[in-house]
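Scroll down for the structure; my scribbles are underneath it.
Protein chains in written order, with our numbering: chain A, 1 to 237; chain B, 238 to 627; chain C, 628 to 795.
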């Protein structure tokens, strides 16, 4: 893609051809996987997200690497889309632990680009270095016992990334050579990056960083209502 | 007769059994060598458990996590500007370079673009942190192979660059200077002239290293052909930066996927080496340091005038969306996958750090090599523990 | 020399002073570099610009068993903590600890992390704390000078008996 040549002449020009590139990627992958591609999202001139089904997850990697030339493995990780029951932990006080208050209703779960139906999603990114494009892939992972086929047979480098995702989210990668803890000591319990994993230090000490968004004295509230509300909470603590 | 032969047979069998037992006892299934978790060759706290057969490694398993600080969780409870303070400390030798992709990702989500002057100053500091980072590698690699002098040279010349970063940003190590929409402050008076003088010193340092290290036969003998990574394996493991370019992969995020930095306006070159061994990795980094000083010369010569901050709200709320922005950091491609839900804090941040991918190749790479070469290979891969464990 | 005298606690004062002065200027320091601070420690101990040896500190012992002083510089994680405790136990008495940087002092920017020990003093006793993130090399040198001042005025007999791992 010789986008740089066209880019110097007219600033509006590069949007259209790069869009074509990414739309073409989605079309190509749909052609290869059929029903495997569930949804896609193209951000014009920037990036592309493609969601595939769990059954087609391994085939996606093969198609991308072997047929489409995306031989460069970027990363693999996961997202927990559940809204955090602890918020930003700004309400963290000793009192809330000693006298548990009624929990506020959580906002409904929403997902990001290319949609999603489940709480956990595995994301991965691969790139084609000669054609200069990268694509972010997503796959839904079941809520009950989250598991997804491994990528290690296609991209050997996925091994550590899958170990990390297993440790941090508790997602099982079927066919992975040996899932064992990567970062945490052996007796650690829980999956830290799940949204329902509390940062306990915040429960015994209120968050001091709230001063960062306090309005300056003498300045009328130019900030929005939410920020001001957070300030109020911070000040009362 | 038969009784005797039976007895003989039994005796023979017993002797055989005893022999074989001795053999079983003598035959070892190798020795386990534990390198780390605190070893000078590991740049911090990487622990490597290696199974040895004599002097050869059967299998090596790096144990990470001694420096795991939980960045990805902590970013979920910090505002966007507070995260800048955190991510500074991922790769602590080139701190400013960690901030840039983070800020660029937030800017992309907000639809903000930094003014041109801010972009140039960002690029200047970005390249300076590269120089500050790789200088230490150039000295340290030789030290791992037994030559101590280059380390002292490296620490001496690195101070000049750190002084520059400090006089511009106020922080020797962790500038925390980048802001969404621009940078915190303008450059001080006379800084550009100082910086130009320092670039000459850095070039002198590179020449010295070339004489001292590349000119040494021992160095060549111990690095040529050691730890060869073929390009396809490098891509499978996601190697980036000089490690990939030393395997002949012509890929540099600065040139091929540049976002929000001044590189397209400059005249520079991406260095590659076809060999893929430890020597190539050292050589590419040496050339890149030289190239960085050339880039800096051009940047310092043409800083545009104008504002240094775009108009952004005082309380930063990033609209909902997702973005992945990567830059070519001193260690390789560093990217942030940011998911925002329109709150003060990010919803999820995946930090794609270069060293994590670069080190994940070590079990493959160390298989079958000799113990002294482990140090060479680890040093030439060049990782920083904070960048692996995050 | 004079170990019997030291253990009995009946050291003549001038001799104590002499021994303390001698000890304070011949400290072998073990570098336990963990994170960013390790680079600043390297700059202070290894670089020609700061030159720690002029203070009578020798930064290259072969093992902790030959060291009088350990500088814990950087983030202490829960996974690393047992190794640090073991290191401290291996050092011969009298032994001193400098905690360098906010992380080693109290957890620093990772005060709410799930994997970081909130201060190395939860595991081993610390003599000098150096604040900063990371502290400049000069700050580390000042910490060393402060420790030397403390050594010059301390009760040598108590030190020789060792410090129990609980609060005094």
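C-beta atoms are modelled at their ideal positions from N, C-alpha and C, and glycine is treated no differently.
For the pair residue 557(B) and residue 571(B), the CB atoms are not nearer than the 8 angstroms cut-off. Put simply, the CB of residue 472(B) is near chain A, with a gap under 8 angstroms to one of its CB atoms. Rounded to whole angstroms, residue 433(B) and residue 366(B) show a C-alpha spacing of 15 angstroms. Taking the C-beta atoms as reference points, residue 682(C) is found no nearer than 8 angstroms to residue 773(C).
Taking all protein chains in view, the Cβ of residue 77(A) is crowded by 16 or more other Cβ atoms within 10 Å, so the residue is classified as buried.
Restricting attention to 600(B), 400(B), 393(B), the CA atom closest to the CA of residue 157(A) is found in 600(B).
Annotation note: the region 276–362 of chain B contains the following uninterrupted beta strand (DSSP E) runs of length 3 or greater, listed N- to C-terminal: 284–290, 293–300. In the DSSP assignment, residue 149(A) falls within the unbroken beta strand (DSSP E) covering 147–149.
For residue 270(B), the CB contacts under 6 angstroms within the same chain, skipping 5 residues up- and downstream, are 287, 289 in chain order. In the three-state scheme derived from DSSP, where H, G and I count as helix and E and B as strand, residue 250(B) is classed as helix. By the 16-neighbour rule on beta-carbons within 10 angstroms, residue 542(B) is exposed.
Of all alpha-carbon atoms in 468(B), 328(B), 435(B), the one lying nearest the alpha-carbon of residue 401(B) is that of 435(B). Between the alpha carbons of residue 482(B) and residue 517(B) lies a gap of roughly 9 angstroms. Near chain C, meaning a CB-to-CB distance below 9 angstroms, no residue of the region 580–593 of chain B qualifies. With respect to chain A, the C-beta atom of residue 741(C) has a partner C-beta closer than 8 angstroms. For the region 312–329 of chain B, the set of positions with a beta-carbon nearer than 8 angstroms to some beta-carbon of chain C reads 314, 322, 323, 326, 329 in chain order.
Residue 67(A) counts as exposed, since fewer than 16 other C-beta atoms from the protein chains shown sit within 10 angstroms of its C-beta. Check the Cα spacing between residue 595(B) and each of 531(B), 248(B), 299(B), 292(B): the tightest is with 299(B). Residue environment analysis places residue 523(B) among the buried positions, since at least 16 neighbouring C-beta atoms fall within 10 angstroms of its C-beta.
Under DSSP, residue 47(A) shares a beta bridge with 43(A).
Using a 10 angstroms sphere on the CB of residue 624(B), the tally of other CB atoms reaches 16 or more, which defines it as buried. Listed along chain A, the residues sitting closer than 8 angstroms to residue 305(B) by beta-carbon distance are 183, 184. Within the region 48–74 of chain A, the residues whose Cβ lies closer than 9 angstroms to any Cβ of chain B are, in chain order, 49, 65, 71, 72, 73, 74. The beta carbon of residue 733(C) sits no closer than 8 angstroms to any beta carbon of chain B. Residue burial annotation: residue 254(B) is exposed, with fewer than 16 other C-beta atoms found within 10 angstroms of its C-beta. Between residue 733(C) and residue 745(C), the CB-CB gap stays under 8 angstroms.
In the three-state scheme derived from DSSP, where H, G and I count as helix and E and B as strand, residue 546(B) is classed as strand.
When DSSP states are grouped into helix, strand and coil, residue 139(A) belongs to the strand group. By the beta-carbon neighbour count (other beta carbons within 10 angstroms, threshold 16), residue 418(B) is buried.
In this chain, residue 78(A) is not harboured by any alpha helix (DSSP H); it is covered by the beta strand (DSSP E) spanning 72–80. Under a criterion of Cβ atoms nearer than 7 angstroms, the residues of chain B adjacent to residue 132(A) are, in order, 493, 494.
Under the three-pair Cβ rule at 8 angstroms, the region 529–543 of chain B does not count as touching the region 404–411 of chain B.
Around the Cβ of residue 200(A), a 10 Å sphere holds fewer than 16 other Cβ atoms; the residue is exposed. Per DSSP, reduced to three states, the secondary structure at residue 22(A) is helical. In this structure the region 484–501 of chain B does not touch the region 446–463 of chain B; the number of beta carbon pairs closer than 8 angstroms is below three.
Rounded to whole angstroms, residue 776(C) and residue 763(C) show a C-alpha spacing of 20 angstroms.
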